[in-house]
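To start, the structure under review is shown below, and the notes come after it.
In this note's numbering, the protein residues as written are 93 to 187.
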């Protein structure tokens, strides 16, 4: 059975520099980009989870409330995807 690999075992996803004792890149700019991408991925996953939970609880809400809550979640999901896109473009520029 193979051992789980550290996410940066093969180096920074931006510059691909590998440092054995560091769990992140030596470049501060790359560290910030990597951290922000992880944060927005987490936010997107959390919003998707909440949307799923809302779907399960939808029977408990009146129709106007369901649409309002769904609109708020959709807005936050779109915002997280927007920032992930911006960070992806930064990542492409940094390479």
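Heads up, the beta-carbon is just placed ideally off N, CA and C, and yes, glycines get one too.
These numbers were taken from a predicted model, which means no experiment stands behind them.
Item checked: Inter-residue spacing [alpha-carbon to alpha-carbon] between residue 142 and residue 174 -> 19 Å
Notebook entry, point to check: So, helix, strand or coil for residue 153, using DSSP?
Noted result: coil
Notebook entry, point to check: Measuring CB to CB, does residue 118 end up less than 8 Å from residue 109?
Noted result: yes
Notebook entry, point to check: When the Cα atoms are used, what is the spatial distance from residue 106 to residue 121?
Noted result: 10 Å
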